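**Q** Attaching a single structure in structure tokens format; questions to follow.
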Amino acid sequence: MTPKPALSLTCSEEVAAARREGRPLVALETTILTHGMPWPANVETALEVEAIIRAGGAVPATMAILEGVPRAGLTRPELEALGRATGVAKASRRDLAVLAARRATGATTVAGTMVLAGMANIAVFVTGGLGGVHRGATRSLDISADLTELSRTPVGVVCAGVKSILDIGLTLEVLETQGVPVLGYGTDRFPAFYVADSGHAVPARVDSPEEAARVLAIQRAWGLGGLVLANPIPAAEALAGEAIEAVIAETLADAEAQGVRGKAITPFVLAELNRRTDGQSLRANIALIRHNASLGAAVAVALAALR
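Under this note's numbering, residues 163 to 469 are what the sequence shown spells out, in order.
Dropping the structure here:
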């Protein structure tokens, strides 16, 4: 007889204990392991991010679907296995039930991680960059599910804005349409992953983890969905805006010529940027995720104090 698929989230011992004791938790995605960074930097970064969150007084809850089971909190061997694996599915909202029914493994995207974080009642999620509206979306209609997920799931997403490869202006317009608050952390400018200023303003600014936590607490209490906490990459780690934009444009043109579409675009472009910048884009990516992890832990601790 075929076993029934898991219908509920399975937590690691560390995450389960934190939930019982009311300690602050921070959700983490896994597409950074499978699609965002090469081996071994992917696993090294994932482990370092978890350590930063623990040092900040919170508990990391790395999300994935493993053999059909939604998981919150992975062991080191599980992280390493995902980091070494090839062909792992990207698990957004639309993919979760299919993967569970097939007892398959998937690495969660921002949207997929938000769904699992919502199931676990985890309010804070740290990632590198948010998905958004792809360039040329007026023709392709390629718009990330991350944006609609933010409108429905009450999770605060700490990120370095959206990935520079996207149409940032249109992404902000869609977030406004979806009613998603976008808060600049210590800045009035919206960051764009590798650079601190995308050229666009943020609708609101906060200057402390406590202030961000207060906004998130009200957002959740009123059932208003999630929010974006945009945390600029540290100035010392940022890339030159015009130079990286030129490389991005060139890489996107190559993706178009090669017929790269949909979910394949982001991993293709990130890998090409790393190659074409001699590793500078990867170093910036690692720096900003560390920076976001520190802030995410602080916001989670402040939110727990409000409770």
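Every residue gets a Cβ at the ideal spot worked out from N, C-alpha and C, and that includes glycine. The structure displayed is predicted, hence computed values, not measured ones.
Among V288, V205, G318, which one has its Cα closest to the Cα of T237?
**A** For the residues V288, V205, G318, the minimum Cα distance to T237 belongs to V205.
**Q** I believe M491 touches T270 by the beta-carbon criterion, under 8 Å. Please report the beta-carbon distance rounded to the nearest angstrom.
**A** Missing from the structure shown is residue 491; the chain here goes from 163 to 469 and no further.
**Q** Checking the sheet assignment: what are the DSSP bridge partners for A366?
**A** L345
**Q** The alpha helix (DSSP H) spanning G458 covers which residue range?
**A** 442 to 468
**Q** How big is the Cα-Cα spacing for G361 and R351?
**A** 7 Å
**Q** Grab me the residues of D329's own chain with a C-beta within less than 6 Å of its C-beta, minus the 5 sequence neighbours each way, in chain order.
**A** V295, R297
**Q** Do you know offhand how far L432's Cα is from E242's?
**A** 21 Å
**Q** What residue range does the alpha helix (DSSP H) around M281 cover?
**A** Going by DSSP, M281 is part of the alpha helix (DSSP H) stretching over 272 to 281.
**Q** On the CB-based measure, 16 or more other CB atoms within 10 Å of its CB, does Q381 come out buried or exposed?
**A** So Q381 ends up on the buried side.
**Q** Compare the beta carbon distance of V377 and L345 with 8 Å and say whether it is the shorter of the two.
**A** yes
**Q** Are the Cβ atoms of P396 and A449 separated by less than 8 Å?
**A** yes
**Q** Based on DSSP bridge pairs, tell me the residues matched to M199.
**A** M199 has no beta-bridge partner at all, per DSSP.
**Q** Return the chain-ordered list of same chain residues with a C-beta closer than 7 Å to the C-beta of V422, the five sequence neighbours on each side being excluded.
**A** F430
**Q** What are the partner residues of L391, as DSSP defines its beta bridges?
**A** V320, L345
**Q** Excluding the 5 residues flanking V317 on each side, which residues of the same chain have their C-beta closer than 8 Å to its C-beta?
**A** A189, M276, A279, G280, I284, A285, V286, F287, G388
**Q** Please check the pair A220 and A462, which I expect to be a contact at CB under 8 Å, by giving their CB distance rounded to whole angstroms.
**A** 4 Å
**Q** Could you spell out the range, first to last residue, of the alpha helix (DSSP H) harbouring L429?
**A** The amino acid at residue 429 is misidentified as Leu; the sequence shows Pro. Here the alpha helix (DSSP H) through P429 covers 427 to 438.
**Q** Give me whichever residues DSSP pairs with P222 in a beta bridge.
**A** V188
**Q** Please say whether A379 and L312 have beta carbons closer to each other than 8 Å?
**A** For L312 and A379, no; Cβs fall outside 8 Å.
**Q** Taking A247 as part of the beta strand (DSSP E), name the residues at either end of that continuous run.
**A** Here A247 belongs to no beta strand (DSSP E), and DSSP marks it neither H nor E.
**Q** Is the Cβ-Cβ distance between Y356 and A455 less than 8 Å?
**A** no
**Q** Please look up how many angstroms separate the CB atoms of A208 and L195, rounded, as I've assumed it's under 8 Å.
**A** 6 Å
**Q** What residue range does the alpha helix (DSSP H) around R301 cover?
**A** 299 to 302
**Q** Measuring alpha carbon to alpha carbon, tell me which of G458, R255, E191 ends up nearest E372.
**A** G458
**Q** Under 8 Å between the Cβ atoms of L258 and G274?
**A** yes
**Q** Specify the secondary structure class of I305 as computed by DSSP and reduced to three states.
**A** strand
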